[in-house]
Amino acid sequence: MTARVGVVTFPGSLDEKDAARAVRLAGGEAVPLWHAEPDLHGVDAVILPGGFSYGDYLRCGAIARFAPVMTELVPAARAGLPVLGICNGFQILCEAHLLPGALTRNRGLRFVSKDVRLRIEGTATPWTRLYSGGQEITAVLKSGEGAYVAGPATLAELGARSRVVARYAGANPNGSADGIAGICNEAGNVVGLMPHPEHAVDTLTGPSADGLGFFASILLAAARA
Amino acid sequence: MRSQDTVALAAATPDRPQPYAELGLTSAEYARIREVLGRRPTDAELAIYSVMWSEHCSYKSSKAHLRQFAEKAPPTGALLAGIGHNAGVVDIGQGYAVTFKIESHNHPSYVEPFQGAATGVGGIVRDILAMGARPVAVMDALRFGPADAPDTRRVLPGVVGGISFYGNCLGLPNIGGELAFDPCYAGNPLVNALCVGVLRRGDLKLAVAQGPGNKVVIFGSRTGPDGIGGASVLASASFGGSGEGAKRPSVQVGDPFMEKLLVECCLQLYAAQLVVGIQDLGAAGVSCATTELAAGGRVGMRVDLDAVPLRDAALGPAEILMSESQERMMAIVEPACVGRFMEICARWDVPAEVIGEVTGTGRLEMTWRGELIVDIPPGSAADDGPVYHRSAQRPAGHSELAADDPSRLPRPASGAELRAGLLALLASPDAADKAWVTEQYDSYVRGDTVLAAPQDAGLVRIDERTGLGVALATDGNSRYTLLDPYAGAQLALAEAYRNVAATGARPLAVTNCMNFGSPEDPAVMWQFAAAVRGLADACATLGVPVTGGNVSFYNQTGGVAIHPTPVVGVLGVHDDVRRRLALGFAGAGASVLLLGRTTAEFGGSLWARVAHGHLGGRPPRVDLDAERRLAEVFAAGSAGGLLAAAHDLSDGGLAVGLAECCLAGRVGCTVTLPGDPFTSLFSESAARAVVAVRPGCEAAFAELCADREVPAAVLGTTGGGGLTVTDGFSISLDELGAAYRQTLPALFG
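These protein sequences, in sequence, are chains V and G.
The letter at position 15 of the first sequence is residue 15 when you use my numbering, and the numbering goes up by one with no holes.
The letter at position 586 of the second sequence is residue 586 when you use my numbering, and the numbering goes up by one with no holes.
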């Protein structure tokens with residue numbers, strides 16, 4: 001049986017179609033999850049997709065954190081369920097305190113949409129195990145509030161415990177601390193990533209197919225579980 | 001405060017003075033309203049007629065000319081809905097239809113660039129949504145004053161920020177558009193927004209109210225006091241208003257989050273078959289939606305304005321009727337379906353309210369606080385507005401302008417001069433890299449974008465299985481149109497047609513946004529009449545019908561109008577987007593060919609402007625038959641897999657075109673120019689393109705060109721680290737890139 005990966009739609013989610021397509025391209029089954037239903041439908045992993053949940057009003061991800069689906073997701077994530085938050089999903093994971101730090105306005109204060117080179121540094125997570133350490137990939141960054149910030153102690157701990165999953169290779173596109181593009185929690189099952197791997201799964205519509213590794217990794221992890 | 005003006009009161013007080021002039025109506029128009037109604041209008045009725053008979057809603061100055069688009073339309077079986085609907089709908093095969101339209105939001109974008117441009121996107125997206133389609137992409141055609149003018153630094157970042165804010169949050173990929181600068185747009189920037197949507201062929205929705213007893217539902221944002229054009233008049237005592245001379249924003253404020261909810265909500269309502277007819281609320285808000293729905297169905301309608309959900313309880317009926325609050329729709333729903341309709345709205349947190357019902361009376365009746373305040377034949381407001389045949393006269397000095405041929409201008413001759421000329425063109429704001437703008441737009445969302453800026457056209461996949469897709473481009477060169485509006489409009493069409501064809505797509509249909517000065521100026525009207533005639537004639541020749549569009553008049557400050565600027569959008573169908581052609585040289589060793597015929601044509605050219613600040617003479621010659629044959633070469637070259645790159649030539653000619661091919665693919669080329677180097681590099685002759693032929697396919701491609709009588713000259717081959725012109729000059733990719741990329745960041749930060 002193939003792995004079932006839930007993709008949550010909040011009001012204002014935009015990239016759920018792409019996340020679901022990436023799961024399917026990797027060979028998995030994408031299961032739509034609805035923000036208002038506190039039910040994960042027994043999925044093997046969950047993706048919080050990009051977008052502007054609740055219009056990004058108040059603060060990106062601040063309202064989505066209180067959605068009914070999160071009442072199920074947060075304890076499941078703490079218990080080890082693999083969760084990938086992409087862009088707005090990363091912001092939601094930070095607001096939900098599943099990941100440390102916060103995402104703030106880009107340096108330059110403009111929305112940035114461009115192809116970026118990423119260096120995958122954390123390959124122990126269920127979302128990245130098919131990458132090799134230090135491997136460089138191309139994915140799509142598209143966000144207005146993508147600058148990762150955290151206190152010095154947190155940054156030191158993220159570095160020391162190999163919890164930086166990906167860094168921007170080359171120029172820092174948005175002013176993220178230490179060039180951080182993605183991090184994971186202590187256990188490694190919860191990953192937040194500002195760039196979009198789901199937009200890099202097919203060279204027809206994306207800059208590369210490098211992002212497929214995230215989705216293939218989770219299927220492998222689910223198969224072993 | 002005076003008591004409410006009612007139909008009964010209007011009948012009893014025929015001589016009460018009314019502020020029709022302040023609302024923009026002429027005394028003749030006012031007299032006609034009285035004639036239609038057989039009495040004076042109530043305040044609310046006057047509000048309806050004033051907005052519905054405005055130039056913006058009634059097309060009163062342009063209607064007589066726009067008829068040509070329908071009258072001259074080429075026969076096509078593809079058109080499912082044409083001019084007069086919210087947007088045209090075209091059958092693209094495999095059971096799919098697409099709907100697309102371009103619309104201006106020029107004036108609001110000058111007053112308040114961010115919200116003006118943002119709500120321009122929102123408005124055109126609702127037009128597409130109202131046809132029953134899922135919006136799938138947007139584009140923007142932008143014109144600003146001089147790039148280095150202080151006010152451009154206010155307007156441009158605001159406009160781009162507004163489009164970015166709204167479109168990105170709405171989740172629609174921005175797949176291209178235009179950005180141009182000219183002093184004529186200082187004080188009158190142009191913001192033209194295009195949206196394209198997709199539906200199944202049988203799912204078309206129309207703005208038609210049917211079935212007496214059916215309910216009228218308003219849903220989306222609550223109605224507020226924003227965007228009321230005549231707010232100061234409405235607030236005055238003579239108009240029975242509510243405020244104390246309150247200053248209210250005349251530019252609407254957009255909420256893209258609500259629009260996203262509205263999109264998903266509408267699509268679910270359509271899928272559940274709960275909608276009889278639907279109309280978006282744009283310009284003229286409730287006035288427009290109610291009159292058009294009722295007139296469209298030739299029925300009556302009764303509306304209780306007290307039921308309209310308000311954001312400001314102090315609003316009076318005339319203000320509710322004129323409000324242009326964003327993110328609102330109006331649907332006609334069978335009574336038995338209202339419950340399910342409301343459930344779906346609630347699922348998406350979209351406020352919805354039944355405000356009336358369809359009647360068999362043929363009258364639009366509205367009540368307020370229990371009293372009848374509107375009782376009109378809806379068609380009189382929606383369809384039977386005034387039509388003006390305004391006088392047209394060739395502008396003074398136009399023949400001198402046309403006679404001022406650029407052939408007298410000094411030309412570069414040596415390799416070094418040609419080299420410097422190329423770099424100057426490439427660095428000019430019109431030709432320079434637009435990444436400063438396009439990097440603020442999400443082009444990836446929805447995962448179906450195959451081509452986006454800086455490609456010749458945007459290309460969106462419609463069907464993942466078959467590879468069916470649609471290509472879109474907008475073009476318009478106002479320098480050409482100033483010199484010759486008839487030819488300029490045709491050249492705009494030709495360029496957009498060529499850009500779409502250059503992806504391998506088959507051009508199918510046209511939308512347009514006619515941006516002009518005041519129609520009351522005979523010189524402007526002469527330009528407008530010629531441009532419409534030129535476009536209609538060219539559409540007939542190329543076999544691509546105009547499916548809809550928009551006219552924006554009064555783009556002028558004082559007595560000085562903008563250059564006539566028809567912006568033409570062409571939609572094409574791509575049978576298999578996996579075979580799309582892109583502009584970047586993809587690798588070394590491909591033959592570089594110039595397609596088409598080049599003659600010395602510099603009137604209105606980028607070279608004349610950048611090198612000499614000159615604008616005069618004749619624009620390039622129009623050759624629509626050559627355009628069609630060139631398009632066939634692209635289609636066959638794409639289908640046969642013969643081409644590695646294709647790029648249309650326009651502003652800046654072969655010089656700029658070759659540089660763009662090199663920079664996009666990060667691969668150089670070495671070329672030998674086929675004739676006089678200056679003319680070869682900088683002429684802007686139409687119906688031309690540069691292509692790279694896949695190694696081994698040269699003979700097959702040559703035969704293809706010969707069959708279609710498209711001249712094809714081998715220029716050289718791709719490869720190397722720069723653009724090299726044999727016996728002329730060489731420029732490294734780094735130097736080309738620096739010239740190309742630094743201009744906009746240096747100007748806008």
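No residue lacks a Cβ here, since even glycine has one placed at the ideal position from N, Cα and C.
These figures come from a predicted structure and were not determined experimentally.
Contacts of residue i in chain V (Cβ-Cβ under 7 Å)
{"i": "GLN268(G)", "result": "Correct list: empty, because the minimum Cβ distance to chain V is about 12 Å."}
{"i": "ARG758(G)", "result": "With chain G covering only 1 through 749, there is no way to say anything about residue 758(G)."}
Contacting residues, own chain, Cβ-Cβ under 8 Å from residue i (five flanking each side not counted)
{"i": "SER287(G)", "result": "ALA47, ILE48, VAL51, MET52, LEU321, MET322, ALA381"}
{"i": "ALA416(G)", "result": "PHE729"}
Own chain partners of residue i with C-beta closer than 6 Å, once the 5 adjacent residues on each side are dropped
{"i": "ILE278(G)", "result": "ALA130, LYS205, ALA331"}
{"i": "THR599(G)", "result": "SER685"}
{"i": "PRO519(G)", "result": "SER61, ARG390, MET525, PHE553"}
{"i": "LEU753(G)", "result": "Outside the shown range of chain G (1 to 749) lies residue 753(G), about which nothing can therefore be said."}
{"i": "GLY120(G)", "result": "HIS105, VAL191, ALA193"}
{"i": "ASP44(V)", "result": "ALA3, ARG4, ALA222"}
{"i": "GLY82(G)", "result": "GLY88, THR547"}
{"i": "LEU401(G)", "result": "GLY616"}
Contacts that residue i makes with chain G (C-beta to C-beta distance below 9 Å)
{"i": "HIS35(V)", "result": "Here the premise fails: no neighbours, minimum Cβ distance about 11 Å."}
{"i": "HIS97(V)", "result": "Within chain G, no residue comes near HIS97(V); the closest Cβ sits about 24 Å away, beyond 9 Å."}
{"i": "ARG59(V)", "result": "In chain order: nothing, as chain G lies at least about 14 Å away."}
Cβ distance (whole Å) where residue i is taken to contact residue j below 8 Å
{"i": "MET329(G)", "j": "LEU274(G)", "result": "Actually they are not in contact, since the Cβ atoms of MET329(G) and LEU274(G) sit about 13 Å apart, beyond 8 Å."}
{"i": "ILE180(V)", "j": "TYR148(V)", "result": "5 Å"}
{"i": "SER638(G)", "j": "ARG579(G)", "result": "5 Å"}
{"i": "ASN106(V)", "j": "ASN174(V)", "result": "4 Å"}
{"i": "ARG461(G)", "j": "ASP448(G)", "result": "4 Å"}
{"i": "ALA87(G)", "j": "ILE128(G)", "result": "6 Å"}
{"i": "VAL74(V)", "j": "VAL46(V)", "result": "Not quite, the Cβ-Cβ distance comes to about 11 Å (not below 8 Å), so this is no contact."}
{"i": "THR13(G)", "j": "GLU371(G)", "result": "No, THR13(G) and GLU371(G) are not in contact; Cβ-Cβ is about 15 Å, not under 8 Å."}
Cross-chain neighbours of residue i in chain B, by beta carbon under 9 Å
{"i": "TYR54(V)", "result": "In the displayed structure, chain B is absent; the protein chains listed are V and G."}
Euclidean distance between Cα positions of residue i and residue j
{"i": "PHE114(G)", "j": "VAL155(G)", "result": "8 Å"}
{"i": "LEU633(G)", "j": "CYS94(V)", "result": "Going by the sequence as given, residue 633(G) is Val instead of Leu. Each residue's Cα considered, the two are about 53 Å apart."}
{"i": "ALA141(G)", "j": "ILE102(G)", "result": "9 Å"}
{"i": "THR557(G)", "j": "LEU535(G)", "result": "26 Å"}
{"i": "ASP707(G)", "j": "ARG597(G)", "result": "16 Å"}
{"i": "SER221(G)", "j": "GLU327(G)", "result": "6 Å"}
{"i": "TRP127(V)", "j": "GLY95(G)", "result": "39 Å"}
{"i": "ALA700(G)", "j": "LEU736(G)", "result": "33 Å"}
{"i": "VAL546(G)", "j": "MET514(G)", "result": "13 Å"}
{"i": "ARG143(G)", "j": "ASP623(G)", "result": "26 Å"}
{"i": "GLU292(G)", "j": "PRO378(G)", "result": "7 Å"}
{"i": "ALA738(G)", "j": "ALA487(G)", "result": "35 Å"}
{"i": "ASN88(V)", "j": "ALA62(V)", "result": "10 Å"}
{"i": "PRO256(G)", "j": "VAL500(G)", "result": "29 Å"}
{"i": "ALA177(V)", "j": "GLY197(G)", "result": "40 Å"}
{"i": "GLY362(G)", "j": "ASP375(G)", "result": "10 Å"}
{"i": "HIS80(G)", "j": "VAL544(G)", "result": "The amino acid at residue 80(G) is misidentified as His; the sequence shows Leu. Roughly 14 Å separates the two Cα atoms."}
{"i": "ALA64(G)", "j": "TYR388(G)", "result": "7 Å"}
{"i": "HIS196(V)", "j": "LEU220(V)", "result": "20 Å"}
7 Å Cβ cut-off: residues of chain G touching residue i
{"i": "HIS199(V)", "result": "TYR444, GLY447"}
{"i": "PHE111(V)", "result": "SER164, ASN168, GLN440"}
{"i": "LEU14(V)", "result": "GLY171, VAL445"}
{"i": "VAL309(V)", "result": "One cannot answer for residue 309(V) here, as it falls past the ends of chain V, which runs 1 to 225."}
{"i": "ARG21(V)", "result": "GLY447"}
Under 8 Å from the C-beta of residue i: neighbouring residues of chain G
{"i": "PRO11(V)", "result": "PHE257, LYS260, LEU261, TRP348, ASP349"}
{"i": "THR205(V)", "result": "TYR444, GLY447, ASP448, THR449, VAL450, ARG461"}
{"i": "GLY51(V)", "result": "GLY171"}
Sequence-distant residues of its chain with Cβ nearer than 7 Å to residue i (five each side left out)
{"i": "ALA272(G)", "result": "ARG340, ILE344"}
{"i": "HIS647(G)", "result": "ASP456, ALA502, LEU583, GLY657, GLU660, CYS661, ALA689, VAL690"}
Next on the checklist: Quick check on the DSSP output: what are the complete beta strand (DSSP E) runs of length 3 or more inside the region 166 to 241 of chain G, in order along the chain?
Outcome noted: Complete beta strand (DSSP E) runs here, min 3: 174 to 181, 190 to 200, 215 to 220.
Item to check | Ordered list of beta strand (DSSP E) runs contained in the region 62 to 116 of chain G, each at least 3 residues | outcome: Here the runs fully enclosed are 79 to 81, 88 to 93, 96 to 104.
Checklist entry - Of all the beta strand (DSSP E) runs that stay within the bounds of the region 244 to 301 of chain G, which reach a length of 3 or more residues? => result List check, beta strand (DSSP E) in window: 277 to 280.
Checklist entry - Counting only runs that start and end within the region 575 to 644 of chain G, where is the beta strand (DSSP E) found for 3 or more residues in a row? => result Along the length of the region 575 to 644 of chain G, whole beta strand (DSSP E) runs at least 3 residues long occupy 591 to 595, reported in chain order.
Item to check | Secondary structure, beta strand (DSSP E): runs of 3+ residues fully inside the region 96 to 178 of chain V | outcome: Complete beta strand (DSSP E) runs here, min 3: 102 to 104, 112 to 120, 135 to 143, 147 to 149, 164 to 168.
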